[in-house]
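In this note's numbering, the protein residues as written are 2 to 486.
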Ligand SMILES: Cc1cc2nc3c(=O)[nH]c(=O)nc-3n(C[C@H](O)[C@H](O)[C@H](O)COP(=O)(O)OP(=O)(O)OC[C@H]3O[C@@H](n4cnc5c(N)ncnc54)[C@H](O)[C@@H]3O)c2cc1C
């Protein structure tokens with residue numbers, strides 16, 4: 002097979018697609034299309050008839066109509082940073098990948114209403130920068146910000162580090178424009194904060210992972226940019242203590258906690274093994290390490306105090322000193338400069354890459370009621386250690402979300418470990434404690450078996466009914482999110 006070998010299939014469809022988006026925007030050789038065919042995890046890789054890169058909503062609609070007429074699967078794709086195999090075709094399905102990356106305009110920014118209208122292919126970091134240029138912030142924040150797109154963020158209802166204050170992507174979105182499976186276009190970009198006119202189709206498409214339509218643009222809320230920040234790495238006495246500290250900080254700062262990230266010592270160790278230039282924030286190991294960020298846009302919080310620190314930092318430190326006296330906190334490191342803040346965040350955002358680089362692992366993205374986090378982690382860590390696993394856990398603790406990865410313990414061989422038995426234990430306790438098996442990454446292809454096993458049957462039936470009603474020929478990202486009936 003040469004680099005110019007066609008990916009697959011009928012030339013008449015490819016020609017029709019070329020007429021819509023132009024020859025240069027239909028990739029049909031393996032050489033050109035290779036990067037679009039494999040997901041970030043490298044676990045999912047497939048063929049496609051073509052990769053199509055439309056430049057407008059009308060072009061997306063026409064592409065969808067052509068595929069629908071020929072019963073070809075349409076696979077919407079953004080920055081390909083999804084972690085569940087949702088953005089690449091299912092092996093065996095004749096598919097066209099619709100990459101939204103050319104639709105990358107920020108259409109308008111309303112400083113008065115504090116909203117922004119952006120096309121689906123806008124990279125998250127680009128949207129953050131555009132907001133900041135106008136003295137505002139778009140608060141969605143996580144490690145893939147330089148590559149993921151807002152279309153992907155909406156479709157996976159992405160979360161990240163700032164959910165504790167601003168909510169998930171769903172809560173940031175005021176409206177969408179989308180192409181439905183039959184090629185019709187929904188235009189709901191008014192940006193109204195109140196609009197109770199029937200079923201909320203925006204909320205149906207958000208988190209649908211491209212199975213109900215292609216999002217082409219969205220209106221988002223923007224927020225005042227903080228004028229003061231306190232960024233701290235602390236060692237809590239236990240997970241229970243950490244959660245007590247979170248609530249104390251919320252009370253003390255008027256709900257100013259922007260991030261409360263769980264980073265226990267084994268996670269820090271794995272990061273330092275893969276990225277030796279990253280330093281441990283504290284001298285002593287922190288069994289319950291937490292990266293905390295508190296922010297405020299109140300001018301008074303940015304005032305300089307007599308000792309040269311800013312008021313917000315002093316307030317936070319005062320509270321943490323009380324927490325230390327009470328034995329909730331054992332040690333604290335405060336970022337004294339933007340560089341130190343960036344170093345702490347670089348450490349946090351390196352974890353997925355570090356675990357991926359350091360060997361095979363099974364990744365869980367779970368959420369629990371806050372009060373159940375400590376019992377869950379304590380019991381699971383003990384059980385998994387007995388089975389020969391080393392749990393590598395980090396998480397957006399402030400919103401009860403843990404990324405709980407199982408890797409092989411020192412001296413153990415991954416292939417010999419009882420992974421299926423371990424998964425059963427993990428999910429059984431999760432179910433007992435009212436947790437979710439997918440907090441923020443979605444279902445895609447990788448979590449279909451657990452979706453089939455654990456999601457309430459009545460909810461699954463309702464989801465299938467919605468899918469059948471909107472996409473009767475099942476051409477919109479088939480084989481994702483919904484397990485086969
Ligand atoms: C290092 C790293 C850290 C991460 N951290 C987090 C985190 O903290 N929180 C979190 O929530 N996620 C995280 N993720 C996962 C990932 O970044 C998010 O799921 C992201 O929202 C995916 O965006 P994308 O543009 O890359 O979408 P893709 O991967 O291209 O697609 C994801 C899904 O959305 C669908 N889709 C994409 N665009 C559209 C569209 N325009 N219309 C309809 N459907 C569409 C695809 O079909 C697919 O099902 C992380 C990933 C990495 C690699």
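Glycine included, C-beta positions come from ideal geometry on N, C-alpha and C.
Exposure of residue i, with buried meaning 16 or more beta-carbon neighbours within 10 Å
{"i": "residue 340", "result": "exposed"}
{"i": "residue 452", "result": "buried"}
{"i": "residue 391", "result": "buried"}
{"i": "residue 301", "result": "exposed"}
{"i": "residue 4", "result": "Here residue 4 scores only 49 on pLDDT, less than 50, and its place in the model is too uncertain to base an answer on."}
{"i": "residue 133", "result": "exposed"}
{"i": "residue 380", "result": "exposed"}
{"i": "residue 309", "result": "exposed"}
{"i": "residue 446", "result": "buried"}
{"i": "residue 2", "result": "Per-residue confidence for residue 2 stands at a pLDDT of 42, beneath the threshold of 50, marking its modelled position as unreliable; the derived number appears in the next sentence. Counting Cβ neighbours within 10 Å, residue 2 comes out exposed, since fewer than 16 surround it."}
{"i": "residue 440", "result": "buried"}
{"i": "residue 337", "result": "exposed"}
{"i": "residue 282", "result": "buried"}
{"i": "residue 1", "result": "The structure shown does not extend to residue 1, since the chain is modelled only from 2 to 486, so the question has no answer here."}
{"i": "residue 433", "result": "exposed"}
{"i": "residue 257", "result": "buried"}
{"i": "residue 40", "result": "buried"}
{"i": "residue 285", "result": "exposed"}
{"i": "residue 195", "result": "exposed"}
{"i": "residue 49", "result": "buried"}
{"i": "residue 486", "result": "exposed"}
Coarse secondary structure for residue i, derived from DSSP in three states
{"i": "residue 22", "result": "helix"}
{"i": "residue 3", "result": "Low local confidence applies: a pLDDT of 48 at residue 3 is under 50, so the model's placement there is unreliable, and no value is given."}
{"i": "residue 439", "result": "strand"}
{"i": "residue 366", "result": "strand"}
{"i": "residue 448", "result": "coil"}
{"i": "residue 315", "result": "helix"}
{"i": "residue 352", "result": "helix"}
{"i": "residue 15", "result": "helix"}
{"i": "residue 392", "result": "strand"}
{"i": "residue 324", "result": "helix"}
{"i": "residue 379", "result": "helix"}
{"i": "residue 233", "result": "strand"}
{"i": "residue 399", "result": "helix"}
{"i": "residue 207", "result": "coil"}
{"i": "residue 481", "result": "coil"}
{"i": "residue 40", "result": "coil"}
{"i": "residue 195", "result": "coil"}
{"i": "residue 456", "result": "coil"}
{"i": "residue 59", "result": "helix"}
{"i": "residue 472", "result": "coil"}
{"i": "residue 51", "result": "strand"}
{"i": "residue 334", "result": "strand"}
{"i": "residue 357", "result": "helix"}
{"i": "residue 218", "result": "strand"}
{"i": "residue 345", "result": "helix"}
{"i": "residue 175", "result": "strand"}
{"i": "residue 65", "result": "helix"}
{"i": "residue 27", "result": "strand"}
{"i": "residue 180", "result": "strand"}
{"i": "residue 186", "result": "strand"}
task = Would you check if there are 3 or more beta carbon pairs closer than 8 Å linking the segment 284–296 to the segment 247–262?
result = The segment 284–296 is in contact with the segment 247–262.
request  = Give, in chain order, every unbroken run of the beta strand (DSSP E) that is at least 3 residues long and sits entirely within the segment 402–430.
outcome  = Within the segment 402–430, the complete beta strand (DSSP E) segments at least 3 residues long are 402–409, listed from N- to C-terminus.
query = Taking one C-beta from the segment 454–465 and one from the segment 392–399 each time, how about it: are there three or more such pairs within less than 8 Å?
reply = Not touching, per the Cβ criterion.
request  = Scan the segment 68–103 and note each continuous alpha helix (DSSP H) run of 4 residues or more that stays entirely inside, going in chain order.
outcome  = Those alpha helix (DSSP H) runs which fall completely within the segment 68–103 and span 4+ residues do not exist here.
Secondary structure, alpha helix (DSSP H): runs of 4+ residues fully inside the segment 239–266 = Taken in chain order, the unbroken stretches of alpha helix (DSSP H) that lie wholly in the segment 239–266 and span 4 residues or more are 240–254.
ask   = Would you call the segment 315–326 and the segment 242–258 in contact, with 3 or more CB pairs under 8 Å?
value = With the cut-off at 8 Å, the segment 315–326 and the segment 242–258 touch.
task = Evaluate contact between the segment 232–246 and the segment 199–208, counting only Cβ atoms and requiring at least three cross-stretch pairs below 8 Å.
result = Output reads no: the segment 199–208 does not touch the segment 232–246.
request  = Answer yes if the segment 176–189 comes into contact with the segment 57–71, meaning at least three C-beta pairs across the two stretches below 8 Å, and no otherwise.
outcome  = Yes, they touch.
request  = Counting only runs of 4+ residues fully inside the segment 273–316, write out the alpha helix (DSSP H) ranges in chain order.
outcome  = The segment 273–316 contains no whole alpha helix (DSSP H) run of 4 or more residues.
ask   = Do the segment 117–136 and the segment 99–107 meet, that is, are 3 or more Cβ pairs less than 8 Å apart?
value = The segment 99–107 and the segment 117–136 touch, with three or more beta-carbon pairs separated by less than 8 Å.
request  = Please go through the segment 95–173 and give each complete beta strand (DSSP E) segment of 3 or more residues, from N-terminal end onward.
outcome  = 96–100, 107–111 and 116–120, all fully within the segment 95–173.
message = With a threshold of 8 Å, are at least 3 pairs of Cβ atoms found where one atom belongs to the segment 270–277 and the other to the segment 349–356?
response = Counting Cβ pairs under 8 Å, three or more are found: they touch.
query = Can you find at least 3 beta carbon pairs, one from the segment 361–373 and one from the segment 221–233, that sit closer than 8 Å?
reply = Result no; under three Cβ-Cβ pairs closer than 8 Å.
request  = For the segment 427–439 and the segment 140–152, state whether three or more C-beta atom pairs, one from each stretch, are separated by less than 8 Å.
outcome  = Taking a cut-off of 8 Å for Cβ pairs, the segment 427–439 and the segment 140–152 do not touch, as fewer than three such pairs fall below it.
query = Is the segment 152–163 in contact with the segment 69–84, if contact means three or more CB pairs nearer than 8 Å?
reply = Touching, yes, given that three or more Cβ pairs across the two stretches are closer than 8 Å.
key: Meets three-Cβ-pair contact criterion under 8 Å: the segment 408–423 and the segment 366–377   = Segments in contact, no.
query = Are three or more beta carbon pairs between the segment 45–55 and the segment 24–35 nearer than 8 Å?
reply = Proximity of the segment 45–55 to the segment 24–35 meets the contact definition, three or more beta-carbon pairs being nearer than 8 Å.
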